[in-house]
Every structure is written in structure tokens, then in C-alpha cells.
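Report on the structure given below.
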Amino acid sequence: MRYARAEALRYLRAQTNDEAAGILVDTVFLKLRNEVQARHVLQKHSCEILEDGVLLDCGVKFTSKDLAKHLAGCKEVLLLAATLGAKVDIAVRRLALESVSEGAAAQAVAATIIEGYCDEVQERVDTELHQRPRFSPGYGDWDLSEQRKLFSILECEKKLGLTLTDGLMMAPSKSVTAVIGLSEEESCVWKKCLSCNNINCPYREVEE
């Protein structure tokens with residue numbers, strides 16, 4: 003299990019040399035790690051890049067010019083859904099009730115764990131093609147409502163116990179869905195925070 007301490011501190015808006023914050027996230031990680039029940043679903047699909055989106059071989063179209071731009075040159079994509087499981091959500095809520103600071107740290111630590119798990123899943127993919135960075139509903143102009151299409155294709159509820167609320171929030175909350183482009187050419191570095199419209203996100207990275 004990967005735990006990115008520096009990333010957790012960034013989510014907390016703490017400096018990497020903040021000793022107290024470092025102890026806090028380390029302590030919370032130890033409390034969360036045994037609650038993690040990470041699972042995922044991964045599918046490969048051929049795709050056609052259109053002007054206003056991406057058409058999959060199964061007939062589903064993702065409507066987003068930003069996604070189409072991100073996947074330019076890709077003939078295949080990976081569709082990913084991953085979750086840390088319900089026990090992590092329960093643990094995060096429990097810690098928040100016990101301590102405001104531990105609750106905030108738990109949110110940050112769990113976010114780094116799910117991102118690290120997704121990285122591990124991608125690293126195990128047997129392909130000679132280059133993988134583009136993950137692109138999720140809600141990034142850029144890709145409407146969050148298109149999350150339903152990913153859930154349907156990947157059968158998230160059946161295979162992972164992962165559901166969508168009426169407000170399009172995932173449950174368990176420490177979960178990720180994404181499209182990953184496969185290309186013969188390595189793409190340039192892409193910063194997901196700069197492509198996201200949520201400028202008030204507390205986890206947003208600031209361009210150096």
C-alpha cells in the first residue's frame with residue numbers, strides 16, 4: 003500500500019517540514035491502513051477521437067472536447083474504477099468525530115492511498131503503449147453526469163459495490179473512476195488541476 007506523506011501534507015495545506023502535521027498524517031495512516039479493502043475494475047476499449055468527445059467500441063460516447071484533446075492520438079483507452087471500500091469511509095467519519103484535526107488528516111491520507119492504488123493498477127497493465135494521465139468526469143468540460151456511463155460500462159455496483167448518489171457522489175467516497183489513453187507516443191506532462199474547473203477545491207495544486 004502506497005502512502006504519499008508529502009502529498010497528504012499538501013492536501014492539508016501544510017509544509018513538508020511541518021513536524022506536527024507530519025506526525026498527524028503518519029498517525030492517521032496507521033489508523034486507516036488496516037481498514038483498506040482496495041478493489042478495482044479495468045477494461046480496455048478501442049476508441050475514435052471526435053471533435054466533441056470520444057466514441058468507444060461498445061457504442062458509448064463520452065462528450066467532452068477536453069477529453070478528446072487529452073486523448074488525441076490514442077486508438078485505445080483503459081476505463082478504470084477503483085475504491086478503498088466502505089470501511090475506510092467509516093473510519094474517516096469516526097476519526098472526524100473524535101478529532102477535527104484527525105478527521106481532516108484522514109481525508110487527506112485516504113485521498114493519497116486511493117491515488118497510489120490507481121497508480122499501482124496502471125503499472126501492472128501489460129502494454130507497450132504509453133499511458134496518458136487519468137482523466138475523470140468533472141475535469142475540464144467533462145460533465146460529472148457522464149459518470150453514469152462509466153458506472154454502467156464497468157458495472158461498478160455489481161463488481162465493486164460502488165454506487166452513485168442522486169448528487170453524483172460516489173459511495174464509498176474514497177473511490178476513483180477515470181479514462182486512461184493508450185498511445186504509441188509519449189504525451190507531454192499534463193496537470194489535471196489546471197484542467198479542472200473547480201478552482202475552489204482544497205486539494206488544488208498551484209502552478210509554480
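Start counting the sequence shown at 3; every next residue gets the next number (our numbering). Beta carbons are placed, not taken as given, at the ideal position from N, Cα and C, and that holds for glycine.
Item                                                                                                            : Value
Of the residues T167, R4, L11, the one placed nearest Q109, counting alpha carbons only                         : L11
Entirely enclosed beta strand (DSSP E) segments - the stretch 49-115, minimum 3 residues                        : 55-58, 63-65, 78-85
Buried versus exposed, by CB contacts within 10 Å (16 or more), E183                                            : According to the sequence shown, residue 183 is Gly rather than Glu. Answer is buried; the Cβ neighbour count reaches 16.
Those runs of the beta strand (DSSP E) which lie wholly inside the stretch 122-202 and span at least 3 residues : 177-185
Residues that L11 bridges to, as DSSP identifies them                                                           : Answer by DSSP bridge pairing: none, since L11 is not bridged.
Limits of the unbroken alpha helix (DSSP H) element including D28                                               : 21-34
Classification of T18 by the beta-carbon crowding that lies within 10 angstroms, buried from 16 upward          : exposed
Integer Cβ distance of L52 from A180, believed to fall under 8 Å                                                : About 19 Å separates the two Cβ atoms, so there is no contact after all.
Simplified DSSP assignment, three categories, for Y205                                                          : At Y205, the pLDDT of 46 sits below 50, so the modelled position is not reliable; the number obtained from the coordinates is stated separately. Here Y205 sits in coil by DSSP.
C-alpha gap between G142 and K71, whole angstroms                                                               : 11 Å
Buried or exposed by the 16-neighbour rule on C-beta atoms within 10 Å, applied to R134                         : buried
Beta-carbon proximity check, R41 vs T85, cutoff 7 Å                                                             : yes
Test item: CB-CB of V43 and L131 under 7 Å                                                                      : no
Through-space distance from T165 to C216, alpha-carbon basis                                                    : With the chain covering 3 to 210 only, the question about residue 216 has no answer from this structure.
Rounded C-alpha distance that separates D20 from L146                                                           : 35 Å
Close beta carbons around Y5, own chain, < 8 Å, minus the five adjacent residues each side                      : F31, R35, V111, T114, I115, G118
Environment of M3 [buried if 16+ CB atoms lie within 10 Å]                                                      : exposed
Contact set for S103: own chain, Cβ-Cβ below 8 Å, skip 5 residues either direction                              : L26
Residues sharing a beta bridge with R41, DSSP                                                                   : T85
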